[in-house]
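For what it's worth, this note's numbering labels the leading residue of the sequence shown as 13, then goes sequentially.
Ideal Cβ positions, reconstructed from N, Cα and C, are used throughout, including at glycine.
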Amino acid sequence: MPPEKTAQSSQTIPGPKPSPILGNILDMRQGEVFEILLEFHKKYGDIVLLELPKNQYVYSIASPDSIQHVLQMNNQNYTKGERIRIASPLVGNGLFSSEGEFWRRQRRMMQPAFHKTKIAVLAEEMVRTIEEMLDEWEKLAGIGKPMNIQTEMMALTMEVVTRTLFTSSLTPEEVAELGEQITFLLDVITERSQAIFPIGEKLPSARNRRFDKGVATIDKIIYRLIEDRRKSADKGDDLLGMLLEARDEDTGEMMDDKQLRDELVTMFLAGHETTAIALSWSLALLSQHPTVRRRLQAEVDTILGNRLPSAEDFNDLQFTLAVVSEAMRLYPPLPLTLRQAKEDDILEGYPIKANSGIFINIYSAHHNPDVWENPEGFDPERFLPDRIKDVPRFAYVPFGGGPRQCIGNNFALMESVLALSMINQRYELDLIPGTDLEPYMPGTLRPKGGVPVIIRKR
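Structure (structure tokens):
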């Protein structure tokens, strides 16, 4: 239930002084918003008021209580907002963008496909894909040739999500085409979402025509897959097969082709870049902290030895999971997510105006000194069971929280732990001396310029 409607004066809401016309928009430098907002939170507290052109307001929130209020306690008052429509040509009405009763229906239908028992089946395909990548690395191990681990992780997670979604239903040419188009379309959507005055998408430019053509290309591939699988007697045990069999528990209805297309594209996007970024930061941090890396290697050697891992090993690889978790605390792949208030509300004792935007500031929450000791330090031990139990639930939200927590969180963690354990089982990756790892946010929080490493066998 929402809190009782009592609040402080709106004049007391802290935040940087806005300019008369543009408000605080000039403070939001592209690629650096996460760092700017962190400094604002250090100066003004857990809730910060930002003004935008046309008398629009955005509140950045970074405390566990305020995040829990928006994502869980009063979540029905906070929607994805108008800006989500920018992504709709690509994701349609999938779980990421849908709202209300339709979203709830879809979530219920899809949830069984992401149960841990189902993810365990997909883990076998993950392991095969990771092993193939590591076999290719044999050519580079020990010869001193640099490798960009971010590029490698992007290719790996693209292959994993393709195989687990569609098994072998895609041709190599289609996989390459999907990857190329998805990358371009995401770049355009990011540009559009960050525009102060979002009118560029309506212009008859060559870039916009290429965007429309890219969506059409993806549609052609996905609809072909759906048609082929519907005609087959064996629907398959990949995610496509699971969704084809999903039914509404109340009506017995199944998804039509359009909804299947939207959910598959959404999962393709969600299962690719963010996991690659989490793995890239994890490997970079291990190189910078050799003591932590040796502890992870010791865990892998003890539990796995020389054999390949399986889903059953996930619960035993606790320190490996802790490394991934700490990497996502320091560098959450999605550092900011946006909600829009439907009605007036009270947050941290301050009034929130209807139609205002809310930045769920994941980056600032993960660096909040009121919650985390030494918040800028790399300390995976804080995520071991005896310590993480004392951290407030909504202090750590790399996958969001509440009813709309990412449905693929178990998938992403399984893939990350399997990949990190297998990589460290066979190789050591060392950053090229002089590498300055700088986080940058063109949309997701990536290492600017990638992660150049030298690879050698253990």
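Inter-residue distance for L255 and Q352 is about 30 Å (C-alpha atoms, whole angstroms). When the five nearest sequence neighbours on each side are left out, the beta carbons in the same chain lying within less than 6 Å of the beta carbon of S181 are those of L237, in order along the chain. Counting other Cβ atoms within 10 Å of its Cβ, N67 stays below 16 and is therefore classed as exposed.
Pairing V429 with T332 gives a Cβ-Cβ distance under 8 Å. In this structure A431 is buried. Its beta-carbon is surrounded by 16 or more other beta-carbon atoms within 10 angstroms. In this structure, F46 lies near L457, with their beta-carbon atoms less than 8 Å apart. The straight-line gap separating the alpha-carbon atoms of R438 and R470 is approximately 6 Å. With the rule of 3 Cβ pairs closer than 8 Å, the segment 253-272 does not count as touching the segment 190-203.
L329 and S217 do not touch by the CB rule: their CB atoms are close to 48 Å apart, not below 8 Å.
L350 and I374 do not touch by the CB rule: their CB atoms are close to 11 Å apart, not below 8 Å.
Within a 10 Å sphere around the beta-carbon of Q271 sit 16 or more other beta-carbons, which makes this residue buried. DSSP lists no bridge partner for P101. Taking C-beta atoms under 8 Å as the contact rule, V227 and S294 fail to qualify, at a distance of about 33 Å. In this structure, the alpha-carbon of L291 lies about 16 Å from that of G461. Rounded to the nearest angstrom, the Cβ distance from V409 to D442 is 32 Å, too far for a contact under 8 Å.
Considering only V277, A407, P302, the residue with the shortest C-alpha distance to R341 is A407. A direct Cα-Cα distance of roughly 6 Å separates R259 from M121.
Counting along the chain, I48 sits inside the alpha helix (DSSP H) bounded by residues 45-56.
Counting along the chain, no alpha helix (DSSP H) covers T349; the unbroken beta strand (DSSP E) around it starts and ends at 348-353. At the C-beta level, I364 and Y71 come within 8 Å of one another. S376 and F108 have their C-alpha atoms spaced approximately 23 Å apart.
Beta-bridge annotation (DSSP): S72 is paired with V60, F371.
According to DSSP, V465 shares a beta bridge with M159, L443.
By the 16-neighbour rule on beta-carbons within 10 angstroms, D246 is exposed. Contact between the segment 172-188 and the segment 138-151 is present: three or more C-beta pairs spanning the two stretches fall below 8 Å.
Rounded to whole angstroms, the separation of the alpha carbons of H53 and P76 is 14 Å. Its Cα nearest to that of K214, the residue I98 stands out among L197, I98, I289.
Between G104 and D274, the gap from beta carbon to beta carbon is short of 8 Å. Measuring C-alpha to C-alpha distances from H81 to each of I358, H379, M40 identifies I358 as the nearest. Bounds of any alpha helix (DSSP H) do not take in I358; it lies within the beta strand (DSSP E) bounded by 357-359. According to the DSSP secondary-structure assignment, G412 is paired through a beta bridge with P410.
Here A153 is not near S322, since their CB atoms are 8 Å or more apart. Straight-line measurement puts the Cα of T129 at about 14 Å from the Cα of T176.
CA-CA distance, I79 to D58, rounds to 10 Å.
Annotation for I289: P345, T456, L457, R458 place their beta carbon closer than 7 Å to its own, counting only its chain and skipping 5 residues before and after. Secondary structure at P459: strand, using DSSP grouped into helix, strand and coil.
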